[in-house]
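The structure appears below as structure tokens.
2 protein chains.
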Amino acid sequence: MSLNIKTNTKHFTNPLYLESGRILEPYDITYETYGTLNEDKSNVVVICHALTGSHHAAGTYENENKIGWWDSFIGSGKAVDTDKYFVICTNVIGSCFGSTGPMSPKHPSHEPYRYKFPVVTIKDMVKAQRILFSELDIHKVHAIIGGSMGGMQALMFGIHYPDFASKIISMATTHATQAWAIAFNKVAQEAILKDPDFKQGYYDPQVIKESGLAGMAVGRMAGHISFLSQESMREKFGREYRLTDGLYELFGRFQVESYLEYNGYNFTKWFDPLSYLYITKAINIYDLSRGFDSLGEALKKIKSELHLLSFSNDQLFKNFEMKEISDALSEVGNTNHFYKDIQSDYGHDAFLVEVDKFKDYVSEALKN
Amino acid sequence: MSLNIKTNTKHFTNPLYLESGRILEPYDITYETYGTLNEDKSNVVVICHALTGSHHAAGTYENENKIGWWDSFIGSGKAVDTDKYFVICTNVIGSCFGSTGPMSPKHPSHEPYRYKFPVVTIKDMVKAQRILFSELDIHKVHAIIGGSMGGMQALMFGIHYPDFASKIISMATTHATQAWAIAFNKVAQEAILKDPDFKQGYYDPQVIKESGLAGMAVGRMAGHISFLSQESMREKFGREYRLTDGLYELFGRFQVESYLEYNGYNFTKWFDPLSYLYITKAINIYDLSRGFDSLGEALKKIKSELHLLSFSNDQLFKNFEMKEISDALSEVGNTNHFYKDIQSDYGHDAFLVEVDKFKDYVSEALKN
Numbered sequence: 000m001s002l003n004i005k006t007n008t009k010h011f012t013n014p015l016y017l018e019s020g021r022i023l024e025p026y027d028i029t030y031e032t033y034g035t036l037n038e039d040k041s042n043v044v045v046i047c048h049a050l051t052g053s054h055h056a057a058g059t060y061e062n063e064n065k066i067g068w069w070d071s072f073i074g075s076g077k078a079v080d081t082d083k084y085f086v087i088c089t090n091v092i093g094s095c096f097g098s099t100g101p102m103s104p105k106h107p108s109h110e111p112y113r114y115k116f117p118v119v120t121i122k123d124m125v126k127a128q129r130i131l132f133s134e135l136d137i138h139k140v141h142a143i144i145g146g147s148m149g150g151m152q153a154l155m156f157g158i159h160y161p162d163f164a165s166k167i168i169s170m171a172t173t174h175a176t177q178a179w180a181i182a183f184n185k186v187a188q189e190a191i192l193k194d195p196d197f198k199q200g201y202y203d204p205q206v207i208k209e210s211g212l213a214g215m216a217v218g219r220m221a222g223h224i225s226f227l228s229q230e231s232m233r234e235k236f237g238r239e240y241r242l243t244d245g246l247y248e249l250f251g252r253f254q255v256e257s258y259l260e261y262n263g264y265n266f267t268k269w270f271d272p273l274s275y276l277y278i279t280k281a282i283n284i285y286d287l288s289r290g291f292d293s294l295g296e297a298l299k300k301i302k303s304e305l306h307l308l309s310f311s312n313d314q315l316f317k318n319f320e321m322k323e324i325s326d327a328l329s330e331v332g333n334t335n336h337f338y339k340d341i342q343s344d345y346g347h348d349a350f351l352v353e354v355d356k357f358k359d360y361v362s363e364a365l366k367n
Numbered sequence: 000m001s002l003n004i005k006t007n008t009k010h011f012t013n014p015l016y017l018e019s020g021r022i023l024e025p026y027d028i029t030y031e032t033y034g035t036l037n038e039d040k041s042n043v044v045v046i047c048h049a050l051t052g053s054h055h056a057a058g059t060y061e062n063e064n065k066i067g068w069w070d071s072f073i074g075s076g077k078a079v080d081t082d083k084y085f086v087i088c089t090n091v092i093g094s095c096f097g098s099t100g101p102m103s104p105k106h107p108s109h110e111p112y113r114y115k116f117p118v119v120t121i122k123d124m125v126k127a128q129r130i131l132f133s134e135l136d137i138h139k140v141h142a143i144i145g146g147s148m149g150g151m152q153a154l155m156f157g158i159h160y161p162d163f164a165s166k167i168i169s170m171a172t173t174h175a176t177q178a179w180a181i182a183f184n185k186v187a188q189e190a191i192l193k194d195p196d197f198k199q200g201y202y203d204p205q206v207i208k209e210s211g212l213a214g215m216a217v218g219r220m221a222g223h224i225s226f227l228s229q230e231s232m233r234e235k236f237g238r239e240y241r242l243t244d245g246l247y248e249l250f251g252r253f254q255v256e257s258y259l260e261y262n263g264y265n266f267t268k269w270f271d272p273l274s275y276l277y278i279t280k281a282i283n284i285y286d287l288s289r290g291f292d293s294l295g296e297a298l299k300k301i302k303s304e305l306h307l308l309s310f311s312n313d314q315l316f317k318n319f320e321m322k323e324i325s326d327a328l329s330e331v332g333n334t335n336h337f338y339k340d341i342q343s344d345y346g347h348d349a350f351l352v353e354v355d356k357f358k359d360y361v362s363e364a365l366k367n
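Those sequence lines, one after another, are chains A and B. Last residue of the first sequence: 367 (numbering that gives the first Met the number 0), numbering continuous. Last residue of the second sequence: 367 (numbering that gives the first Met the number 0), numbering continuous.
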């Protein structure tokens, strides 16, 4: 069956009250759907994206060739089967693919917010999505699925909207961002902030798209290290030399250097530096227990059937961090959760790259 | 007994033939000694330093308070007992603490080499040290000890000067730098190269010492991530907030961010950017098997008693990389080596920080 991709942007004029006490008003949310909503609206699956993801999770648009970021996972006959489910993925607020973010015009001016954009949190991202779903007259969904920052959102949904999702599947994430992950974000943030071409936030986005932003490229390179593992890098790159300009030349490049350069500089063509700062901030301050006496108290709120999937060699969010969620749930008497550590040498990106290792688990978990 | 610190610089006018085919001429080597050379010169222990280390491995100079980088390990009554051994540590060529490096004057001019400095390798660093020892009339030593890049030198000594050391103790290192470690170096190199204040190598070192170099600070932050582990960062920093400027401020700082900032920017006051580029290059192209048919063929050359110590949670050079050396030695019939994986959550820096975990092993290994 056809994937039936539809992309849309909703405009909201009521204020969005943020966790910080500030408001966003007005704001837009861009989202994409796949498949068909059934009559009793019981077949909705929400997909939450990661740091640099977007609403474009599956398929390709007409006349374009950019495939959705989780296309191997979502589609006709795939783990999240669009023949059966009506799938929605929204671009988070703070991002740069249509939903309101730091480079959106600050009403009533036509000037971008830049640093005047409020700090948003994962809870805020989830709240905005919940409002969108109400607007779409969807008040209950079959499942919410996400990995990395998407997995944070999925858990946040479970705690703050306990009656919303029957099932939650959260992968490759944590209950509160740990120092190691904050450190990687710090390198990226510092590299962006100190790049003179960032112009202390007053850059021309068009210039950056065309000429790149070295600081953001450097930061993204650090990010890529955290997405892989020592083992997968060895497997992928080894000590292969990319250029034949001689072993002893100071700027000869190993394959891995070339990979980081390409991905680092290319990234600056399609992602906004201020969005990167705001979203990494949201990730750093993410903590499920905020507003509760403990993680256990927060997790007690969850009513959904919860599936926690970690990857054994995830270097960004260690598998024991997800195990801690499972342990905390058991401690507060939750008997409706499942924890599975998936054996993988790949590292954090396994949730995007090694779909084969968990697709059967997910399609089974999605069954009623 | 007194540590008997002596610091000296030897000037060499004969050319140093480098692995690249280029030469250094003339060149200086700065070194430091502790303890007293015995009559038959049988009590020499060579210490090799890591990336940003120096010849100042132990003790403090008069009227200064900077303690040597391995002071907990070397001294009177310590693991490397200076009451017993005559300890020598030399600053590697390419570095910036007295031995010839990229900011040294290029003879016969008084202008620094900068990019005209030749690429040096770990083998070159070792060769220069060997020449220094000959000059000091030392032709055989009791032991060579080093961690990280120091461990690379120790192994390189074993292969290329097989009759030189009775014992070699190499820790927290590898047989050939793997993609993960190269990737961390890449982030640092790129951050330095793209910083406009680096002026494509034509910076004023005094200005950098005073004002810092953001690119090098960012690179060093990435380095610090690789020196620790997820577990030790969690233990050390957790999610503690350093400043009380509010959880939701975009630039509020976690303890770990503050640590990285401090260490990153402070680093630019005491280390030279071009030395950083040259030494990380030397680390990247380090491969014991270069010039041999295989790692085993290289290791066959070793005659010294060899001790290999890895740290279980080293994220920069994984413990299995040292195990591979041990396995390759066994495969070529070497029966005079010992491999020990030291349990530690600390990460790579354990060789500097958790001396208590291996000091007894080392003092035992040093006994005849």
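Note that beta-carbon positions come from the ideal geometry of N, C-alpha and C, so glycine has one too. Model, not experiment: these values are computed from the prediction.
Status (buried if at least 16 other CB within 10 Å, exposed otherwise) for Gly245(B): Low local confidence applies: a pLDDT of 49 at Gly245(B) is under 50, so the model's placement there is unreliable, and no value is given.
Give me whichever residues DSSP pairs with Ser309(B) in a beta bridge. According to DSSP, Ser309(B) bridges with Asp340(B).
Given a cut-off of 8 Å, decide if Asp326(A) and Cys95(A) are closer than it, judged by their beta-carbon atoms. no
What is the DSSP secondary structure of Pro101(B), counted as helix, strand or coil? Looking at Pro101(B) - three-state DSSP - the assignment turns out to be coil, as it is neither helix nor strand.
Which residues of chain E have a Cβ atom closer than 7 Å to the Cβ of Gly237(A), listed in chain order? The chain inventory of the structure shown lacks chain E, comprising the protein chains A and B.
Taking only runs of the alpha helix (DSSP H) that begin and end inside the region 116-179 of chain A, which ones reach a length of at least 4 residues, in chain order? 121-134, 148-159
Does any C-beta atom of chain B lie closer than 8 Å to the C-beta of Pro204(A)? no
With 8 Å as the threshold, decide whether the Cβ of Asn283(A) is near any Cβ in chain B. yes
With C-beta atoms as the reference, is Arg219(B) less than 8 Å away from Asn184(B)? Taking a C-beta distance under 8 Å as the contact criterion, Arg219(B) and Asn184(B) do not qualify as a contact pair.
Can you tell me whether DSSP reads Thr81(B) as helix, strand or coil? coil
Using a Cβ cut-off of 7 Å, which residues of the region 218-232 of chain A contact any Cβ in chain B, in chain order? Met220, Ala221, Ile224, Gln229, Met232
Taking CB distances under 8 Å as the criterion, tell me whether Leu23(A) reaches chain B. no
Within this structure, are the beta carbons of Phe226(A) and Gly346(A) separated by less than 8 Å? yes
Three-state secondary structure (DSSP) of Glu234(B): helix
Along the chain, where does the alpha helix (DSSP H) that runs through Ala350(A) open and close? Just to set this straight, residue 350(A) is Phe in the shown sequence, not Ala. Here the alpha helix (DSSP H) through Phe350(A) covers 349-352.
According to DSSP, is Glu376(A) helix, strand or coil? No information on residue 376(A) is available, as it lies outside the stretch 0 to 367 that chain A covers here.
Nearest chain A C-beta to Phe85(B) closer than 8 Å, yes or no? no
Considering only the beta carbon of each residue, do Lys299(A) and Val331(A) sit closer than 8 Å? yes
Let me confirm a value: Trp69(B) is counted as buried when at least 16 other C-beta atoms fall within 10 Å, else exposed. Which label applies? buried
Residue of Ser98(B), Asn42(B), Val118(B) minimising C-alpha distance to Val86(B): The shortest C-alpha separation from Val86(B) is found at Asn42(B).
Count the other CB atoms within 10 Å of the CB of Asn62(B); is the residue buried (16 or more) or exposed (fewer)? Exposed, because fewer than 16 other Cβ atoms sit within 10 Å of the Cβ of Asn62(B).
Amino acids of chain B, ordered along the chain, whose beta-carbon sits closer than 7 Å to that of Lys317(A): Gln229
How would you label Asp196(A), buried or exposed, when you count the other beta carbons within 10 angstroms and need 16 or more for buried? buried
With 16 other Cβ atoms within 10 Å as the buried cut-off, status of Met232(A): Classification for Met232(A): buried.
Using a C-beta to C-beta distance shorter than 9 Å, which residues of chain A count as neighbours of Asp286(B)? Residues of chain A passing the Cβ test: Arg238.
Length of the line joining the Cα atoms of Ile341(B) and Gly145(A): 38 Å
Glu304(B) versus Lys65(A) - alpha carbon distance: 58 Å
For a contact meaning CB atoms closer than 9 Å, what does Ala49(B) contact in chain A? Correct list: empty, because the minimum Cβ distance to chain A is about 19 Å.
Report all residues from its chain with a CB closer than 7 Å to the CB of Tyr160(B); omit the five preceding and five following residues, and keep chain order. Arg129
Going by the beta-carbon positions, is the gap between Val186(A) and Ala221(A) smaller than 8 Å? For Val186(A) and Ala221(A), yes; Cβs fall inside 8 Å.
What is the C-beta distance between Pro104(B) and Glu110(B), in whole angstroms, given that I count them as a contact (C-beta under 8 Å)? 6 Å
Beta-carbon neighbours of Glu256(B), restricted to chain A and to distances below 7 Å: Ile181, Lys185
Taking the alpha-carbon positions, what's the Tyr240(A) to Arg252(A) distance? 6 Å
Is Asp348(A) close to chain B? Criterion is C-beta to C-beta, closer than 8 Å. no
To the nearest angstrom, report how far apart Ile73(B) and Lys317(B) are at their CA atoms. 25 Å
Pick helix, strand or coil for Val91(A), following the three-state DSSP scheme. Note: Val91(A) maps to coil in three-state DSSP.
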